[in-house]
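Asker: The structure's right below; bear with me while I get my questions together.
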Amino acid sequence: MSLEAVRRMVRLRGRAQLTVRAVLGAATALALTATAGCGGGAAPGSAATIGGSMILATTTSTQDSGLLDLLVPLFEAQTGVQVKVIAVGSGAALEMARKGDADAVLSHAPEAEQPLVARGDLVEGRLVMHNDFVLVGPKGDPARVRGAGSIEEAMRRIAASGGFVSRGDNSGTHAKELGLWAAAGIDPGRVPRREETGQGMGATLNIADQRRAYTLTDRATYLALRDRLSLEVVFEGGERLRNVYHVYVVNPEKHRGVKAAQARAWAEFLVAPETQRAIGEFGKDRYGEPLFVPDASRQPGAAGR
Amino acid sequence: MGELWGGLAEAVRLIVSGDREVREIALRTVYVSGAATALAMLAGVPAGYALARSRFPGRMLVLGAVNTGMGMPPVVVGLVVWLLLVRSGPLGGLELIYTKEAMVIAQFLIATPLVIGFTTAAVQALPPELPELLQMLGAGRLRRLWLLAREARLGLLAAVMAGFGGVVSEVGASMAVGGNLQGQTRVLTTAIVTETSRGNTERALALGIILLAMAFAVNLVLTRVQQRAR
Numbered sequence: 001m002s003l004e005a006v007r008r009m010v011r012l013r014g015r016a017q018l019t020v021r022a023v024l025g026a027a028t029a030l031a032l033t034a035t036a037g038c039g040g041g042a043a044p045g046s047a048a049t050i051g052g053s054m055i056l057a058t059t060t061s062t063q064d065s066g067l068l069d070l071l072v073p074l075f076e077a078q079t080g081v082q083v084k085v086i087a088v089g090s091g092a093a094l095e096m097a098r099k100g101d102a103d104a105v106l107s108h109a110p111e112a113e114q115p116l117v118a119r120g121d122l123v124e125g126r127l128v129m130h131n132d133f134v135l136v137g138p139k140g141d142p143a144r145v146r147g148a149g150s151i152e153e154a155m156r157r158i159a160a161s162g163g164f165v166s167r168g169d170n171s172g173t174h175a176k177e178l179g180l181w182a183a184a185g186i187d188p189g190r191v192p193r194r195e196e197t198g199q200g201m202g203a204t205l206n207i208a209d210q211r212r213a214y215t216l217t218d219r220a221t222y223l224a225l226r227d228r229l230s231l232e233v234v235f236e237g238g239e240r241l242r243n244v245y246h247v248y249v250v251n252p253e254k255h256r257g258v259k260a261a262q263a264r265a266w267a268e269f270l271v272a273p274e275t276q277r278a279i280g281e282f283g284k285d286r287y288g289e290p291l292f293v294p295d296a297s298r299q300p301g302a303a304g305r
Numbered sequence: 001m002g003e004l005w006g007g008l009a010e011a012v013r014l015i016v017s018g019d020r021e022v023r024e025i026a027l028r029t030v031y032v033s034g035a036a037t038a039l040a041m042l043a044g045v046p047a048g049y050a051l052a053r054s055r056f057p058g059r060m061l062v063l064g065a066v067n068t069g070m071g072m073p074p075v076v077v078g079l080v081v082w083l084l085l086v087r088s089g090p091l092g093g094l095e096l097i098y099t100k101e102a103m104v105i106a107q108f109l110i111a112t113p114l115v116i117g118f119t120t121a122a123v124q125a126l127p128p129e130l131p132e133l134l135q136m137l138g139a140g141r142l143r144r145l146w147l148l149a150r151e152a153r154l155g156l157l158a159a160v161m162a163g164f165g166g167v168v169s170e171v172g173a174s175m176a177v178g179g180n181l182q183g184q185t186r187v188l189t190t191a192i193v194t195e196t197s198r199g200n201t202e203r204a205l206a207l208g209i210i211l212l213a214m215a216f217a218v219n220l221v222l223t224r225v226q227q228r229a230r
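See the structure below:
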């Protein structure tokens with residue numbers, strides 16, 4: 001056998017062995033992580049609790065305001081259910097529900113929720129709470145929005161001089177903004193210096209602040225960030241600016257794998273009198289006013305201040 | 001300027017006071033990125049070695065793919081892994097979405113091309129006759145690999161550093177597949193995003209400083225190993 005042949009054999013054997021080892025190593029590791037993940041999902045609970053875990057798709061405002069940091073631990077203590085809060089815009093939250101990728105949804109875009117309710121993706125909807133949207137703008141109010149008699153008039157005044165920062169992220173707030181432009185008879189694409197951030201409320205408020213522009217915000221996020229902003233409330237109040245939150249269970253009969261018991265327990269928890277009291281108190285100590293108004297005692301769709 | 005100094009002061013305060021949540025987030029970051037890097041080494045070093053030492057049709061294509069993978073946007077990896085693992089996806093039944101394991105998988109996919117690329121470069125820098133020479137000298141197969149790895153030590157440790165550095169600082173994929181769950185899958189980068197969106201810029205900056213310090217500490221250890229007895 002020539003030296004060259006020996007060399008080739010050595011190379012071939014070494015290569016085959018390395019390949020097998022690489023594949024086996026990666027496969028074992030992945031299998032280990034996979035089994036670890038399956039076992040780790042369920043939280044141990046006593047006989048009285050439900051246990052398990054669930055995915056809650058919700059809006060950024062409930063998380064950014066800190067409300068869920070208060071409610072989720074209470075719920076987990078009561079039921080032993082581990083809640084995975086996925087805070088995205090209402091649009092993305094509803095899309096997760098449509099595909100059965102979440103178990104429950106807490107959302108504030110009633111118009112966008114309706115088609116999913118009609119198609120049977122969302123069931124057992126309940127009114128949880130509301131707060132309101134406000135228009136904020138730079139100090140000095142260059143577009144003189146403050147004197148506007150209605151929200152439509154306020155939107156027209158902003159459109160006349162421009163300078164508006166939009167979420168542009170299919171969130172409930174973005175949907176509300178588009179609805180307000182429509183109600184005022186304005187094409188948002190033609191508003192001078194109207195920009196879309198594609199980001200959450202906090203980031204969008206910061207950008208509006210830097211741009212000295214107007215924006216639409218939920219009151220909770222604005223209050224949470226007010227100290228760091230020079231933006232001021234220039235228009236508030238009225239039925240059109242109401243920001244209504246509903247909770248839904250993703251239909252377990254339509255989507256396999258939905259954790260119906262856990263999702264129902266979460267919906268029940270949100271509308272329970274004790275939780276509703278906690279919602280009504282939330283934020284009072286820090287901002288001098290509550291961030292949300294509990295509504296569970298009212299009929300769905302009939303929220304009022 | 002005020003916020004920068006405030007952030008620095010906050011970072012020192014958080015570290016000195018041993019803030020429990022921050023400590024957990026930092027440990028979780030090391031765990032997820034460390035596991036992903038370790039797995040990437042396990043798969044990427046042999047693959048990189050094989051790629052360096054073998055010649056086969058399409059090798060250029062594979063090398064090109066690896067080099068592209070080295071610069072792959074993590075957020076794309078996150079999106080693809082999310083689509084695979086989410087309940088309606090093909091692997092949804094595993095219930096891996098929004099777990100640390102999902103983050104390890106995504107970060108593994110980000111780090112592996114880096115490890116393969118660096119390993120290939122390191123092995124190709126070795127004298128090509130070395131394996132045969134070692135065999136002639138009577139070294140067994142395992143011993144040969146060990147000696148080769150020792151020779152390629154500088155490059156292999158560069159691969160660890162590149163892999164770990166790439167995944168520990170990555171935010172898009174971790175956010176997508178981990179969900180940034182408080183107490184479960186929140187790591188330093190996603191915590192920074194959260195604090196920023198909440199307007200807590202000083203705390204966000206403090207977490208950023210801790211992340212930098214951590215990455216520096218890890219790399220310092222690796223650099224020491226790499227440079228020792230050169």
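Residue numbers (the UniProt record's numbering), protein chains in the order written: chain R, 1 to 305; chain Z, 1 to 230.
For every residue, glycine included, the Cβ atom is placed at its ideal position computed from N, Cα and C.
A quick note: this is a predicted structure, and the numbers were derived from the prediction, not measured.
With 8 Å as the threshold, decide whether the Cβ of Ser197/Z is near any Cβ in chain R.
Answerer: It does: the Cβ of Ser197/Z has a partner Cβ on chain R nearer than 8 Å.
Asker: With a 10 Å radius around its C-beta and 16 neighbouring C-beta atoms as the bar for buried, classify Ser90/R as buried or exposed.
Answerer: Buried, since its Cβ has 16 or more Cβ neighbours within 10 Å.
Asker: Label Trp181/R either buried or exposed according to how many other C-beta atoms from any shown protein chain fall within 10 Å of its C-beta, with 16 as the threshold for buried.
Answerer: It is buried - the Cβ of Trp181/R has at least 16 other Cβ atoms within 10 Å.
Asker: Just to confirm my understanding: we take Ser169/Z, look at its own chain, exclude 5 residues before and 5 after, and list those with CB closer than 8 Å. What are they?
Answerer: Closer than 8 Å at Cβ, skipping near neighbours: Thr189, Leu211 and Ala215.
Asker: Is there contact here, the segment 63-73 of chain Z with the segment 129-149 of chain Z, by at least three beta-carbon pairs under 8 Å?
Answerer: Touching, no.
Asker: Contact between the segment 213-232 of chain R and the segment 59-73 of chain R is defined here as three or more beta-carbon pairs at a separation below 8 Å; is this criterion met?
Answerer: With the cut-off at 8 Å, the segment 213-232 of chain R and the segment 59-73 of chain R touch.
Asker: Can we say the segment 146-163 of chain Z touches the segment 84-101 of chain Z, given the rule of at least three CB pairs closer than 8 Å?
Answerer: The segment 146-163 of chain Z is not in contact with the segment 84-101 of chain Z.
Asker: Is the Cβ-Cβ distance between Val128/R and Ala260/R less than 8 Å?
Answerer: No, these two residues do not count as a Cβ contact at 8 Å.
Asker: Do Gly283/R and Arg212/R come within 8 Å of each other at the CB atom, strictly closer than that value?
Answerer: No, the pair does not count as a contact, with Cβ atoms beyond the cut-off.
Asker: Counting pairs of Cβ atoms below 8 Å between the segment 246-262 of chain R and the segment 146-161 of chain R, do you hit three or more?
Answerer: Because the criterion of three Cβ pairs below 8 Å is not met, the segment 246-262 of chain R and the segment 146-161 of chain R do not touch.
Asker: Can you tell me whether Glu113/R is buried or exposed, with buried defined as 16 or more other CB within 10 angstroms of its CB?
Answerer: Its Cβ being crowded by 16 or more others within 10 Å, Glu113/R is buried.
Asker: Whole beta strand (DSSP E) runs in the segment 108-189 of chain R with 3 or more residues, listed along the chain?
Answerer: Complete beta strand (DSSP E) runs here, min 3: 122-137 and 164-166.
Asker: Per DSSP, which residues does Val105/R bridge with? Please list them.
Answerer: The partner list for Val105/R (beta bridge, DSSP) reads Ala57/R and Tyr248/R.
Asker: Pick helix, strand or coil for Gln182/Z, following the three-state DSSP scheme.
Answerer: Three-state DSSP puts Gln182/Z in coil, outside helix and strand.
Asker: Hey, quick one: how far does the alpha helix (DSSP H) through Gln199/R stretch, first residue to last?
Answerer: That residue, Gln199/R, is in no alpha helix (DSSP H); it is neither H nor E in DSSP.
Asker: Does chain Z have any CB closer than 8 Å to the CB of Ala34/R?
Answerer: Because Ala34/R sits at a pLDDT of 47, beneath the cut-off of 50, its placement in the model cannot be relied upon, and the point is left open.
Asker: On the three-pair Cβ rule with 8 Å, is the segment 35-52 of chain Z touching the segment 89-98 of chain Z?
Answerer: No, the segment 35-52 of chain Z does not touch the segment 89-98 of chain Z.
Asker: Report yes if the C-beta distance between Leu222/Z and Met161/Z is below 8 Å; otherwise report no.
Answerer: Yes, Cβ-Cβ distance for Leu222/Z and Met161/Z is below 8 Å.
Asker: What is the rounded straight-line gap between the Cα of Gln107/Z and the Cα of Pro138/R?
Answerer: The alpha-carbon atoms of Gln107/Z and Pro138/R are separated by roughly 42 Å.
Asker: Using Cβ-Cβ distances below 9 Å, what residues of the segment 162-192 of chain Z are close to chain R?
Answerer: From the segment 162-192 of chain Z, only Gly179, Asn180, Leu181, Gln182, Gln184 and Thr185 have a Cβ closer than 9 Å to chain R.
Asker: If we cut at 8 Å on Cβ distances, does Arg143/Z have a partner in chain R?
Answerer: Taking Cβ atoms only, chain R never reaches closer than 8 Å to Arg143/Z, which makes this a no.
Asker: Anything in the segment 88-104 of chain R with a Cβ closer than 7 Å to a Cβ of chain Z? List those residues in chain order, please.
Answerer: So the list reads Lys99, Gly100 and Asp101, given in the order they occur along the chain.
Asker: Does DSSP classify Ile86/R as helix, strand or coil?
Answerer: Three-state DSSP puts Ile86/R in a strand.
Asker: DSSP state of Asp209/R, grouped into three classes?
Answerer: In this structure, Asp209/R counts as helix in the three-state DSSP scheme.
Asker: Nearest chain Z C-beta to Val128/R closer than 8 Å, yes or no?
Answerer: Chain Z contact via Cβ: absent.
Asker: Using a threshold of 8 Å, state whether the C-beta atoms of Val77/Z and Ile110/Z are closer than that.
Answerer: Yes.
Asker: On the three-state DSSP scale, how would you describe Leu68/R?
Answerer: Correct three-state label for Leu68/R: helix.
Asker: Val233/R and Gly136/R - do their beta-carbons sit closer together than 8 Å?
Answerer: The sequence given here places Val at residue 136/R; Gly does not occur at that position. Yes.
Asker: Tell me where the beta strand (DSSP E) around Leu61/Z begins and ends.
Answerer: Run containing Leu61/Z: none in the beta strand (DSSP E); it sits in the alpha helix (DSSP H), Arg59 to Met70.
Asker: Measure from the C-beta of Val86/Z to each C-beta in chain R and report whether the shortest distance is under 8 Å.
Answerer: Yes, Val86/Z lies at the interface with chain R (some Cβ there is under 8 Å from its Cβ).
Asker: Should Tyr31/Z be flagged as near chain R, meaning a C-beta pair shorter than 8 Å?
Answerer: No - not a single Cβ of chain R is within 8 Å of the one on Tyr31/Z.
Asker: Leu216/R bridges to which residues according to DSSP?
Answerer: Partner(s): Leu135/R.
Asker: Along chain Z, in chain order, which residues have C-beta atoms closer than 8 Å to that of Lys84/R?
Answerer: Correct list: Tyr98, Gly179, Leu181 and Gln184.
Asker: If you count every other CB in all the chains shown that lies within 10 Å of the CB of Ala47/R, and 16 or more means buried, which is it?
Answerer: Confidence in Ala47/R is poor, its pLDDT being 41 and thus under 50, which makes the residue's placement unreliable; the coordinate value appears in the next sentence. It is exposed - the Cβ of Ala47/R has fewer than 16 other Cβ atoms within 10 Å.
Asker: For Ser242/R, name the three-state secondary structure that DSSP assigns.
Answerer: Here residue 242/R turns out to be Arg, not Ser, going by the sequence shown. DSSP places Arg242/R in strand when its eight states are reduced to three.
Asker: Does DSSP classify Glu95/Z as helix, strand or coil?
Answerer: Looking at Glu95/Z - three-state DSSP - the assignment turns out to be coil, as it is neither helix nor strand.
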